[in-house]
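Notes follow the structure.
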Amino acid sequence: MQTLDELKKKLPPQTQVIFDAFWEKLPNTEKKNFLDLVQAFPSETNLLRLLLKLGANQFQMTFGAKTRIAIVGPANVGKSTLYNQFIQAKDNKAQVSPLPGTTRIIQEADAGIFAVIDTPGADAVGEVGEKERQTALSAASASDFLIIVFDAIQGIKVTELDLFQRLVAMNKPYVVVLNKSDIVKKDIPQLVQHTASLLQLTTDQVIPISAKTGDQLPEVLKAIAIAEPGIVAALGQAMPQYRWQLAWRAIASASSVSAAIALTPLPVIDFLPLVITQSVMVLGIARIYNYKITPARAKELVLSFGMGFLGRTLFYELSKFGGVPGWIISAAVAVSMTVVMGYAATIWFERGEKLSHGSIRELSKNLTKVFIENLKNIGKKKPGKMSLKTMVEKMLENSPLGQDRSAIEAQNIEIVVDTRQPN
Ligand SMILES: Nc1nc2c(ncn2[C@@H]2O[C@H](COP(=O)(O)OP(=O)(O)O)[C@@H](O)[C@H]2O)c(=O)[nH]1
Ligand SMILES: [Mg+2]
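Read in order, the letters of the sequence shown are residues 214 to 636 in my numbering.
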């Protein structure tokens, strides 16, 4: 049993800072959940440090309590249209009876997550204009995240640039979207490049979208989830139609941690850290699906799916053939077990169905082979833990499975790999 202070003392200074920041924002119920989870942590210091360092992002996703997003920008750029897109189409799946130990809460999309804030345009001059501007800015400052919307046709002029700079000065995580890209006649990548350089951002910080057609909206959510993992649960609760995409973020994050764990020869039973990582993931997915579940229940669920046993069997089976470095096999097994666990948890929370052992085995085996092939592309040299984690996360983020999971169901899995070495 460890207290929070004992735990904190073992963390590297950097991680302590991250930890403090997110602990402060946690509501009491989540604090209790986190402490319950901590009790299950190994007391072995190096292992604990490793887990917390690798999992910082994952913990924020699972325990984060950020809930307010401001859609902010000048009039007519399409903020209300974007808002309507986000909160429409409630994906109310067939109701299922509550599973043992969980409470199913069918909740209407909670539009309260978004605030639409109109900022005055160039015509708002003088004292009155400035007052309007202050009102808009103070509304924005009451949120946890900013979606800054500009019009791709109107472009960015002095007023917009000034607004942008004032918003950035708030030091909040944000994304910039360029709306109405459906009617842009020019070359869009070029437009993005131009906008990015005006705003002194990189091109991946500017997302061309069409609020009208819905084009690129999942990209916006992905960017939000990356910039502010603490808001993922609230996004899932507010937007049922995007739950899989958000769950996939949690899966990608946990799987990449699993890959890094698999590189480490651990002094304790090898699957304990994986069970913890997967339990945190399952808790996170439960929150996205608005399920109430305790850490103990999450762990029980992970163990009941029998991934540890299956993983070991697969590992021995695949190592028999030789030719593939051991680290690739163990990383691939750890990643696929975690992906399958995440998928199984999703199906469980969504439809109340438990995947059969047969299909879990098939799926794990196929996925492991896919990951082995992809990891082989990284090269012969064994990467460091952090660098493998980054590569696996990228690889999963870019996978089409993140948008559409039907390929998993059809056992037809294709993973796009980004083999660039992270710097
Ligand atoms: N072509 C196109 N028109 C859009 C798009 N988004 C919004 N609009 C139009 O732009 C106008 C202003 O949209 P609105 O959402 O009210 O803007 P707001 O003032 O920022 O809330 C409306 O006529 C919308 O139909 C888009 O993505 N493409
Ligand atoms: Mg409006």
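Glycine included, C-beta positions come from ideal geometry on N, C-alpha and C.
In this text, all values refer to a predicted model and were calculated from it rather than measured experimentally.
Residue i: buried (16+ other C-beta within 10 angstroms of its C-beta) or exposed?
| i | result |
| --- | --- |
| residue 404 | buried |
| residue 510 | buried |
| residue 564 | exposed |
| residue 240 | exposed |
| residue 630 | Per-residue confidence for residue 630 stands at a pLDDT of 47, beneath the threshold of 50, marking its modelled position as unreliable; no derived number is given. |
| residue 341 | exposed |
| residue 562 | buried |
| residue 623 | exposed |
| residue 721 | With the chain running from 214 to 636 in the structure shown, residue 721 is simply not present. |
| residue 415 | exposed |
| residue 592 | exposed |
| residue 446 | buried |
| residue 384 | exposed |
| residue 279 | buried |
| residue 399 | exposed |
| residue 393 | buried |
| residue 502 | buried |
| residue 615 | buried |
| residue 608 | buried |
| residue 480 | Because the pLDDT of residue 480 is 43, which lies under 50, any placement of that residue in the model is unreliable, and the question is left without a value. |
| residue 243 | buried |
| residue 222 | exposed |
| residue 455 | buried |
| residue 410 | exposed |
| residue 529 | exposed |
Am I right that residue i and residue j are in contact with their C-beta atoms under 8 Å? What's the rounded C-beta distance?
| i | j | result |
| --- | --- | --- |
| residue 330 | residue 283 | 5 Å |
| residue 573 | residue 518 | 7 Å |
| residue 270 | residue 466 | 6 Å |
| residue 376 | residue 421 | So it is not a contact: roughly 19 Å between Cβ atoms. |
| residue 440 | residue 386 | 4 Å |
| residue 353 | residue 380 | 6 Å |
| residue 388 | residue 444 | Between residue 444 and residue 388 the Cβ distance is about 12 Å, and since that is not below 8 Å, they are no contact. |
| residue 474 | residue 487 | 6 Å |
| residue 397 | residue 365 | 5 Å |
| residue 348 | residue 285 | That pair is no contact at about 12 Å. |
| residue 362 | residue 291 | 6 Å |
| residue 637 | residue 264 | Since the first and last residues shown for the chain are 214 and 636, residue 637 lies out of range. |
Excluding the 5 residues preceding and the 5 following residue i in the sequence, name in chain order all residues of the same chain whose CB lies nearer than 8 Å to its CB.
| i | result |
| --- | --- |
| residue 248 | 217 |
| residue 537 | 531, 585 and 589 |
| residue 293 | 329 |
| residue 372 | 287, 334 and 335 |
| residue 570 | 519 |
Can we count residue i as close to ligand 1, meaning its CB is less than 7 Å from some heavy atom?
| i | result |
| --- | --- |
| residue 294 | yes |
| residue 241 | no |
| residue 290 | yes |
| residue 337 | no |
| residue 392 | yes |
| residue 399 | no |
| residue 424 | yes |
| residue 334 | no |
| residue 368 | no |
| residue 396 | yes |
| residue 268 | no |
| residue 615 | no |
| residue 555 | no |
| residue 565 | no |
| residue 286 | yes |
Is residue i near ligand 2, with its Cβ less than 7 Å from a heavy atom?
| i | result |
| --- | --- |
| residue 329 | yes |
Please go through the same chain and pick out, in chain order, the residues whose beta-carbon is closer than 6 Å to the beta-carbon of residue i, but skip the five residues on each side of it.
| i | result |
| --- | --- |
| residue 472 | 544, 547, 548, 601 and 605 |
| residue 346 | 333 |
| residue 457 | 618 |
Go through its chain and collect everything with a Cβ distance to residue i's Cβ below 7 Å, but skip five positions before and after it.
| i | result |
| --- | --- |
| residue 301 | none |
| residue 541 | 585, 588 and 589 |
| residue 552 | 464, 468 and 580 |
Runs of beta strand (DSSP E) lying entirely within the segment 325-411, each at least 3 residues, in chain order: 327-332, 358-364 and 387-392
Could you name each continuous alpha helix (DSSP H) segment of 4 residues or more that falls completely within the segment 402-480, going from the start of the chain to the end? 430-440, 445-451 and 456-476
Let me know the alpha helix (DSSP H) ranges lying completely inside the segment 509-595, each 4 residues or longer, listed in chain order. 520-532, 539-564 and 570-589
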